[in-house]
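**Q**
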Amino acid sequence: MNTILVDRQGGIALVTLNRPEVRNAISFEMVEELDKCLDELAVDREVKVVIFTGSGDKAFVSGGDLDQFLSVRTKDKSHPMLMRVARLLSKIDRYPKPTIAMINGAAIGGGCEFAVACRFRMASDRARMGFVQIGMHIITGWGSGTRLMKKIGTNRALALLLTGEMFDAAYGKEVGFIDRVFPHEKLREEVFGFAAKIAEKPLCSIEAYMKVAKMVDSGLESDVCIEEEIDLCSSLWGSDAHYGIVQKFLRKK
């Protein structure tokens with residue numbers, strides 16, 4: 105069985121993490137398949153948005169596959185193993201196209217790490233989640249403590265990381281971890297509706313905004329980001345597509 109399933113439709117790629125027998129736990133094989141998939145989708149000019157979700161309705165991602173990850177016990181072996189997954193999540197975090205974590209069920213430990221790497225996090229009102237690593241005498245091993253602190257603020261992130269408590273989607277939205285919460289039965293419809301609105305737009309502009317977002321995320325000075333934003337716009341200005349839209353607007357006016 106493939107550890108992921110990919111469905112492309114209407115400018116949207118749905119990537120389903122497909123290990124329902126272990127609640128979609130991330131395995132070494134899944135990391136390799138995801139890495140290759142991301143490379144392919146990045147250059148597919150028909151794909152404008154990527155949605156990640158879990159197979160079934162019980163779990164988004166239950167974390168790392170403990171049978172595999174706990175087979176390693178020493179630092180010299182665990183460090184490269186953890187870095188391999190961290191590099192995958194960094195690729196998602198820096199992805200040139202919008203990514204959405206469609207959290208359809210439990211997101212535990214590594215599941216939360218995967219979700220925080222995505223640009224948007226949209227959850228079922230039934231979803232439960234938690235950065236439970238501290239209760240296992242470790243910390244976030246794929247670099248997502250840092251990502252979480254940058255995205256929701258250090259103290260809010262620490263409140264989740266230091267307690268290791270499980271929380272629901274409503275609380276996740278309250279603290280800024282979750283962007284939107286939907287009734288479980290409408291989750292797919294609502295997330296695809298949002299993605300479809302983006303997929304209607306030109307890819308060149310989507311990618312330009314994603315570049316601006318990453319510059320802002322990196323903490324560059326506003327003046328630097330603004331200069332680059334203007335440069336990106338000027339490179340798109342006057343294209344046949346842009347000129348045609350403007351002419352159509354002027355004719356209507």
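Mapping the sequence shown onto our numbering, position 163 (from 1) lands on 267, and the numbers just tick up by one. Glycine residues also receive a C-beta, built at the ideal position from the N, C-alpha and C atoms. All values reported here derive from a predicted model rather than from experimental measurement.
1) Count the other CB atoms, across all protein chains shown, that sit within 10 Å of the CB of Gln351; report buried if there are 16 or more and exposed otherwise.
2) Taking 7 angstroms as the cut-off, is the CB of Asn128 close to at least one heavy atom of the ligand ADP?
3) Quick one: using the 10 Å Cβ neighbour count with 16 as the cut-off for buried, is Glu136 buried or exposed?
4) For Glu311, collect the residues of the same chain with a Cβ closer than 8 angstroms to its Cβ; drop the 5 residues on either side in sequence, then sort them by chain order.
5) Could you spell out the range, first to last residue, of the alpha helix (DSSP H) harbouring Ala274?
6) What separation, rounded to the nearest whole angstrom, lies between the Cα atoms of Glu325 and Gly249?
7) Just to confirm, are Ala205 and Phe156 a CB contact at a threshold of 8 angstroms?
8) Let me check understanding here. Comparing Cα to Cα, which of Val220, Ile212, Arg260 lies closest to Gln237?
9) Gln237 lies in the alpha helix (DSSP H); which residues open and close that run?
10) Of the choices Glu293, Leu138, Arg260, Leu174, whose alpha-carbon is the least far from that of Thr107?
11) With a CB to CB cut of under 6 angstroms and the five nearest residues on each side skipped, what residues in its chain are close to Ser228?
12) Leaving out the 5 sequence neighbours to the left and right, which residues in its chain are closer than 6 angstroms to Arg251 when beta-carbon positions are compared?
13) For Ile116, list the residues DSSP reports as bridge partners.
14) Taking the continuous alpha helix (DSSP H) assigned at Ile310, which residues delimit it?
15) If you run the structure through DSSP and keep just helix, strand and coil, what is Met134?
16) In its own chain, which residues sit with a C-beta less than 7 angstroms from the C-beta of Cys329, not counting the 5 before and 5 after it?
17) By the three-class DSSP mapping on this structure, what secondary structure does Thr258 have?
18) Can you tell me whether Ile207 is helix, strand or coil according to DSSP?
19) Under DSSP, the alpha helix (DSSP H) around Val328 begins and ends at which residues?
**A** Checking against the coordinates, here is how it stands:
1) Gln351 comes out exposed.
2) As for the ligand ADP, it is missing from this structure, which has no ligand bound.
3) Only exposed fits Glu136, as fewer than 16 other CB atoms lie within 10 angstroms of its CB.
4) The residues Pro200, Lys201, in chain order, have a CB closer than 8 angstroms to that of Glu311 in the same chain once the five nearest residues on each side in sequence are set aside.
5) Per DSSP, Ala274 is one residue of the alpha helix (DSSP H) stretching across 273-278.
6) When rounded, the separation of the alpha-carbon atoms in Glu325 and Gly249 is 24 angstroms.
7) Yes.
8) The shortest CA-to-CA distance from Gln237 to any of Val220, Ile212, Arg260 is the one to Ile212.
9) Note, Gln237: premise wrong, no alpha helix (DSSP H); not H, not E.
10) The candidate whose alpha carbon is nearest that of Thr107 is Leu138.
11) Around Ser228: Asn208, His288, Leu291.
12) Correct list, in chain order: Val220.
13) Answer is Gln113, Val153, bridged to Ile116.
14) It spans 307-321 - the alpha helix (DSSP H) in which Ile310 sits, taken as one unbroken run.
15) Looking at Met134 - three-state DSSP - the assignment turns out to be helix.
16) If we look at Cys329 and ignore the five residues flanking it on each side, its Cβ neighbours are Val316, Met319, Val320.
17) Thr258: helix per DSSP, three-state reduction.
18) Three-state result, Ile207: strand.
19) Here the alpha helix (DSSP H) through Val328 covers 326-340.
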